[in-house]
Amino acid sequence: VAWTRSLPLVRGALAGYRPADPAAMFLALALGKGLLPEDEPLVVGVLGAATDWRSRANAALGLRRPNPLPATRAALFDALEDPSPRVVIAAASSLAAVQGLPPGDIDAIRAFVESLSAHLSTFDAAELYVLFQQAGILGATGKGRAFVQALATGRFPSEEVDKFVAGEESLV
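Note that our numbering has the sequence shown beginning at 1032, numbered continuously upward.
#1: Would DSSP call D1193 helix, strand or coil?
#2: So, for A1080: in the same chain, excluding its five sequence neighbours on each side, which residues have a beta-carbon less than 8 Å away from its beta-carbon?
#3: For a test of the three-state rule: what should DSSP assign to P1039, helix, strand or coil?
#4: Report the residue from S1146, R1087, F1187 whose alpha carbon sits nearest the alpha carbon of A1127.
#5: Apart from the five residues just before and just after L1038, which ones in its own chain have a Cβ nearer than 6 Å to its Cβ?
#6: Classify S1124 as buried or exposed, calling it buried when 16 or more other Cβ atoms lie within 10 Å of its own Cβ.
#7: Could you give the uninterrupted runs of the alpha helix (DSSP H) lying entirely in the region 1088-1143, keeping only those of 4 residues or more?
#8: Would R1036 be called buried (16 or more neighbouring beta carbons within 10 Å of its own) or exposed?
#9: Using only the alpha-carbon positions, how far apart do P1053 and V1192 sit?
#10: Consult DSSP for D1070 and reduce its assignment to one of helix, strand or coil.
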């Protein structure tokens, strides 16, 4: 309850800083604790404009919501191309929280894996497991179950991942 009363102060402070200002790093993360849809553009601004990877990673984590605005979702997908692997992991983690990836839905699994495909080699098995768990696809059923479990080990052949993402004949 006390934190909710502090949100207007955090919002005002973040709005008063340039997105590249180091103070924005912590304010974006703090605002994420009670993020409202109208706050998302402030935090997206930090994600897109901060020069320090820590600020961008904190902003990505601050945008973790089950139903982000389309512009927020687009910014998180853009952050998957960030030069810092830590920002990529933070963005992927926030995207994993987005609702809409029903277990067992092979197209949803394909879309999620495609969003991570350029960075799969940067994740270890524990990070992949957590990302898939948060996305709700670790417990996939049917056709995608074995693939998700194999991919979560981090040892699945990358050429087979590429085939799967492209919808081509693969081991999946």
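Cβ coordinates follow ideal geometry from the N, Cα and C atoms, glycine included. Keep in mind that this is a model prediction, so the values were computed, not measured.
With the structure as the only source:
#1: Numbered from its first residue, the sequence shown carries residue 1193 at position 162. Looking at D1193 - three-state DSSP - the assignment turns out to be helix.
#2: In the sequence shown, the residue the question calls residue 1080 occupies position 49. Around A1080: R1049, P1050, A1051.
#3: Position 8 of the sequence shown, counted from the start, is the residue given in the question as residue 1039. In this structure, P1039 counts as helix in the three-state DSSP scheme.
#4: If you number the sequence shown from 1, residue 1127 lands on position 96. Cα-wise, what sits closest to A1127 is S1146.
#5: Along the sequence shown, read from residue 1 onward, the residue named residue 1038 stands at position 7. Cβ neighbours of L1038 beyond the five flanking positions: G1065.
#6: If you number the sequence shown from 1, residue 1124 lands on position 93. S1124 is buried by the Cβ-count criterion.
#7: 1101-1110, 1116-1127
#8: Along the sequence shown, one-based indexing puts residue 1036 at 5. Burial call: exposed.
#9: Within the sequence shown, numbered from 1, the residue matching residue 1053 stands at position 22. Within the sequence shown, numbered from 1, the residue matching residue 1192 stands at position 161. Going by the C-alpha atoms only, they are around 38 Å apart.
#10: Counting from 1 along the sequence shown, the entry for residue 1070 is found at position 39. Correct three-state label for D1070: helix.
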